Amino acid sequence: MGTKETDKTADISKAEVLTTTDERPKWDNKVQYLLTCIGFAVGLGNVWRFPYLCQVYGGGAFLIPYLIALVFEGLPLLYLELAIGQRLRMGSIGVWNSTSPYLGGVGIASMVVSFLVGVFYNTILAWVLWYFFHSFQNPLPWRSCPILNNITGESGYVRECELSSPVNYFWYRETLNITPTIETSGPPQWWLVICLATAWCIVYLCFIRGIETIGKAAYITATFPYLVLTIFLVRALTLPGAMAGLRYLFTPEWEILKNPKVWLDAATQIFFSLSLAFGGLIAFSSYNPQKNNCEQDALIVGCINSATSIYASIPIFAILGFKANSTYEDCLNNNIASLTNAFNIGDQNITLDNYENWLAHLNATDPTKVANLHLKVCDLHTFLDQSASGTGLAFIVFTEAVIKMPGSQVWAVLFFIMLFTLGLSSMFGNLEGVLTPLLDLKLVPKCIPKEIFTGFMCVAYFIFGLIFTLGSGNYWLEIFNSYVGSVPLLVIAFFEITAVVYIYGIDRFNDDIVWMTGRRPNIFWQANWRVISPLMLLIVFLAYVAVQAMQALTYSTWNPNYADFPMYEVLPYPGWVCAICILLTIVPCIFIPLVALYRLILLLKKRVELLRRPNPCENEGYLRDM
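Encoded structure:
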């Protein structure tokens, strides 16, 4: 009976595909589709996480596990999602519900993850807009500390800024107005509320008519970042210290590859970088004609995404090398000034070139006097170590580097426009991963136009996102980013690939690809889909959970009253926050067993009804219906 039931499910899914083929919207052309997929995959993580991982894990040596993960994990999963979406022409819920009614929860899990990611992701775009608006000021507002208000009777600069830096002060106080702990919420910051509303208005205007407007917007959102990166590359390579940054980035440290965490981070980076398991790629491919070379599409999107990560690392680290070199020279100049004043040496006698010789000479003649000066340790490698990932790279490290560049306003404007377009194109995929399943399941009343429903969605997103405009909003954003976009995606992807191979049927899937592309998937794809990719996902999942279980749940706070300020104060999460972290991890995944259990209960209920039927002919017909 199981075989008949499977065949019937297949027939139903094919019928649904045929009936929706003519009604479903289509891309204007192949370029729009590819640009939209590339824009969804290429996001902020390519610019601010990949370079950081390269720097932390042995420079060029990190590329080895990264490329292995791309070949054996990223590309096979990307190909699978594009192919299944194109063949069945449905969103994530429709695809997995057609594969098997028991797998409908996989699509719901993808939709929930896309929704939760979209809620916090647009807050980053709000921050980018805030910095973009301030980038036109001359001088840039994060160049120097603000002066105290004379009404208070105090003079000088704001102490919090003096103790840290103008860049840190503008980020933590002027932008976030951050609270000292996550338990202190603080009021919504009105400027962030306005920026968040503006960001959602822009997203809505680009998304208002679905792929009709997304495809046209992709011409800008998917290509403009490459233009800006190229401009930054040309300028960055001419800056003093740029070569030091590139040597630091690409000098391999082979020993670090013995650390298992390197391989774990490489596997998760390529997975999240390609935006797999969100449902957005399935939705985008569902608007393709069924006769389309999805294998070629997967290779193009996957390779461009990884090449972008490497390409973005070059100007980023060239500029960070320039920043480190400037900090190094400032440190030496301060030491030179101290030595010159203490030993009454002429201004021209000690220079950057002969500083080391002079310091050795003075240490030999009067070491006590030199020691009393408390000279700073100036080491270029140490300053290069002070890189950062995520928001720290974008809003602290990079903004500090920009103010040292001639024409800093221009570079700041370009940088934040680039970040905004990168984030905007990723938001299209997140929204599509929610909207398309809802429309496919007919959950949106026909009396409500798609444009109106999309507007309702954006308003709902905005309301939920207000939590990130609170004084504690940055802490909550880090929680959502860490726990929504990690374990749930690994679980969803594992169920996706096993569902296609062992439930939909790998032979049937191969036949579908032959029908769509004209050729059968080669042994590389077969081996990955059947064994290698599921095994890698399972290993990464178990390793990730093990690593997280061994670590205490802590977070870094910005507390001006902390004794070691401006160092971050590391605190454990309160119990109730830990519970929320666990919920954010479990809630998307819980739909997978819940839907399967619900379907099983329905089946058992029908079988009980079947046993009560007295007429065998009716039973036979009822069996066919099942």
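So the sequence shown is residues 0 to 625, counted in numbering that gives the first Met the number 0. Every residue, glycine too, gets a C-beta built ideally from N, C-alpha and C. Given the structure is predicted, the values throughout are model-derived calculations rather than measurements.
- request: For the segment 547-567 and the segment 87-99, state whether three or more C-beta atom pairs, one from each stretch, are separated by less than 8 Å.
  value: no
message: What does the Cβ neighbour count give for Gln550, buried or exposed, with the cut at 16 atoms within 10 Å?
response: Here residue 550 refers to the residue found at position 551 when the sequence shown is read from its first residue. With fewer than 16 Cβ atoms within 10 Å of its Cβ, Gln550 is classed as exposed.
Residue closest to Leu552, alpha-carbon to alpha-carbon, out of Cys457, Val569, Ser285, Leu537: Locating residue 552 in the sequence shown gives position 553, where the first residue counts as 1. Taking only the C-alpha atoms, the option nearest Leu552 is Val569.
task: Output the boundary residues of the alpha helix (DSSP H) element that contains Val569.
output: Taking the sequence shown and counting its residues from 1, one reaches residue 569 at position 570. It is not in any alpha helix (DSSP H) - Val569 instead sits in the beta strand (DSSP E) that spans 568-571.
task: Sort Ile255, Ala216, Thr556 by Cα distance to Cys36 and report the nearest one.
output: By one-based count along the sequence shown, residue 36 stands at place 37. The shortest C-alpha separation from Cys36 is found at Ala216.
- prompt: So, is Glu80 buried or exposed, given that buried needs 16 or more other C-beta atoms within 10 angstroms?
  reply: Stepping through the sequence shown from its first residue, residue 80 is reached at position 81. Label assigned to Glu80: buried.
- prompt: Out of curiosity, what's the CA-to-CA distance linking Gln629 and Ala266?
  reply: In the structure as shown, the chain starts at 0 and stops at 625, and residue 629 therefore has no counterpart that could be examined.
query: Taking Cβ positions, are Ala472 and Leu273 nearer each other than 9 Å?
result: The residue labelled residue 472 in the question sits at position 473 within the sequence shown. The residue labelled residue 273 in the question sits at position 274 within the sequence shown. One detail in the question is off: residue 472 reads as Gly in this sequence, not Ala. Their beta carbons are not under 9 Å apart, which means Gly472 does not touch Leu273 by this criterion.
message: For Val412 and Phe135, which I take to be in contact (beta-carbon distance under 8 Å), what is that distance rounded to the nearest angstrom?
response: Position 413 of the sequence shown holds residue 412. Position 136 of the sequence shown holds residue 135. That belief holds up - the Cβ atoms of Val412 and Phe135 are roughly 7 Å apart, short of 8 Å.
field: As assigned by DSSP and simplified to three states, the class of Ser143
entry: Locating residue 143 in the sequence shown gives position 144, counting from the first residue. Residue state, collapsed to three classes: coil.
query: Among all the DSSP beta bridges, which residues are the ones paired with Thr627?
result: Outside the modelled stretch of the chain, which goes from 0 to 625, sits residue 627, for which no answer is possible.
Three-pair Cβ contact test at 8 Å for the segment 234-241 versus the segment 448-468: no
- prompt: Which full runs of the alpha helix (DSSP H) of 4+ residues lie inside the segment 62-99, going along the chain?
  reply: 62-68, 74-87, 91-98
query: Looking at C-alpha atoms only, which residue of Tyr120, Arg246, Phe271 is the closest neighbour of Gly59?
result: Translated into positions along the sequence shown, residue 59 becomes position 60. Comparing Cα positions, the closest option is Arg246.
task: Determine the contact status of Pro436 and Ala282, defining contact as a CB-CB distance below 9 Å.
output: By one-based count along the sequence shown, residue 436 stands at place 437. By one-based count along the sequence shown, residue 282 stands at place 283. Cβ atoms of Pro436 and Ala282: closer than 9 Å.
- prompt: Does the Cβ of Leu583 have 16 or more other Cβ atoms within 10 Å, making it buried, or fewer, making it exposed?
  reply: Residue mapping note: residue 583 aligns to position 584 of the sequence shown, counting from 1. Buried, by the Cβ-count rule.
task: Answer yes if the segment 302-322 comes into contact with the segment 397-417, meaning at least three C-beta pairs across the two stretches below 8 Å, and no otherwise.
output: yes
query: Out of curiosity, what's the CA-to-CA distance linking Ser284 and Arg88?
result: In the sequence shown, counting from the first residue as 1, residue 284 sits at position 285. In the sequence shown, counting from the first residue as 1, residue 88 sits at position 89. Rounded to the nearest angstrom, the two C-alpha atoms are 8 Å apart.
Where Tyr156 falls: helix, strand or coil (DSSP): Position 157 of the sequence shown, counted from the first residue, corresponds to residue 156. Reduced to three states, the DSSP call for Tyr156 is strand.
- request: Determine the extent of the alpha helix (DSSP H) in which Trp190 is found, giving its start and end residues.
  value: Reading the sequence shown from its first residue, position 191 is the one you call residue 190. That run of the alpha helix (DSSP H) goes 189-206.
- prompt: Pick from Leu418, Cys580, Tyr503, Tyr203: whose alpha carbon is nearest that of Glu477?
  reply: Here residue 477 corresponds to residue number 478 of the sequence shown, with the count starting at 1. Nearest C-alpha to Glu477: Cys580.
For Ile92 and Asp439, believed in contact at Cβ under 8 Å, the rounded distance: If you number the sequence shown from 1, residue 439 lands on position 440. If you number the sequence shown from 1, residue 92 lands on position 93. With a Cβ gap of about 7 Å, Asp439 and Ile92 count as contacting.
field: Buried or exposed by the 16-neighbour rule on C-beta atoms within 10 Å, applied to Ile313
entry: Against the sequence shown, residue 313 aligns to sequence position 314. With 16 or more Cβ atoms within 10 Å of its Cβ, Ile313 is classed as buried.
- prompt: Between the C-alpha atoms of Val30 and Val202, what's the straight-line distance to the nearest angstrom?
  reply: As a working note, residue 30 is residue 31 in the sequence shown. As a working note, residue 202 is residue 203 in the sequence shown. For Val30 and Val202, the distance between alpha carbons rounds to 21 Å.
Inter-stretch contact at 8 Å, needing at least 3 Cβ pairs: the segment 343-357 / the segment 287-297: no
- request: Could you tell me which uninterrupted alpha helix (DSSP H) segments, each at least 4 residues in length, are contained entirely in the segment 354-440, listed from first to last along the chain?
  value: 354-364, 366-371, 379-384, 397-401, 407-439
field: Leu383 versus Leu248 - alpha carbon distance
entry: As a first step, residue 383 must be located in the sequence shown, where it is residue number 384. As a first step, residue 248 must be located in the sequence shown, where it is residue number 249. C-alpha separation (whole angstroms): 9 Å.
message: Taking the alpha helix (DSSP H) that Ser284 belongs to, which residues open and close that run?
response: Translated into positions along the sequence shown, residue 284 becomes position 285. Note, Ser284: alpha helix (DSSP H), 279-284.
- prompt: Thinking C-alpha only, which one of Trp95, Pro24, Leu602 is nearest Glu495?
  reply: Sequence index remark: in the sequence shown, residue 495 carries index 496 (1-based). If we check each option's Cα against that of Glu495, Trp95 comes out closest.
query: Distance, Cα to Cα, Asn371 vs Leu338?
result: Stepping through the sequence shown from its first residue, residue 371 is reached at position 372. Stepping through the sequence shown from its first residue, residue 338 is reached at position 339. Distance between the alpha carbons of Asn371 and Leu338: 11 Å.
- prompt: If we call anything under 9 Å between Cβ atoms a contact, is Lys375 one with Asn333?
  reply: Here residue 375 refers to the residue found at position 376 when the sequence shown is read from its first residue. Here residue 333 refers to the residue found at position 334 when the sequence shown is read from its first residue. Yes, Cβ-Cβ distance for Lys375 and Asn333 is below 9 Å.
task: Count the other C-beta atoms from every protein chain shown that fall within 10 angstroms of the C-beta of Pro24, then say buried if there are 16 or more, exposed otherwise.
output: Position 25 of the sequence shown, counting from 1, holds the residue named residue 24. It counts as exposed.
task: Helix, strand or coil for Ala221, going by three-state DSSP, please let me know.
output: Against the sequence shown, residue 221 aligns to sequence position 222. Coil, per DSSP.
query: How many angstroms separate the CA atom of Tyr474 from the CA atom of Leu226?
result: Counting from one through the sequence shown, the residue named residue 474 turns up at place 475. Counting from one through the sequence shown, the residue named residue 226 turns up at place 227. Each residue's Cα considered, the two are about 33 Å apart.
field: Spatial neighbours of Arg623 in its chain, beta-carbon cut-off 6 Å, leaving aside the 5 residues before and after
entry: Here residue 623 corresponds to residue number 624 of the sequence shown, with the count starting at 1. Reliability fails at Arg623, whose pLDDT of 48 lies under 50, so the model's placement of it is uncertain and the value that follows must be treated cautiously. Cβ within range, chain order: n/a, list empty.
- prompt: From this set, Thr197, Ser109, Glu211, which residue's C-alpha is nearest Leu124's C-alpha?
  reply: If you number the sequence shown from 1, residue 124 lands on position 125. Comparing Cα positions, the closest option is Thr197.
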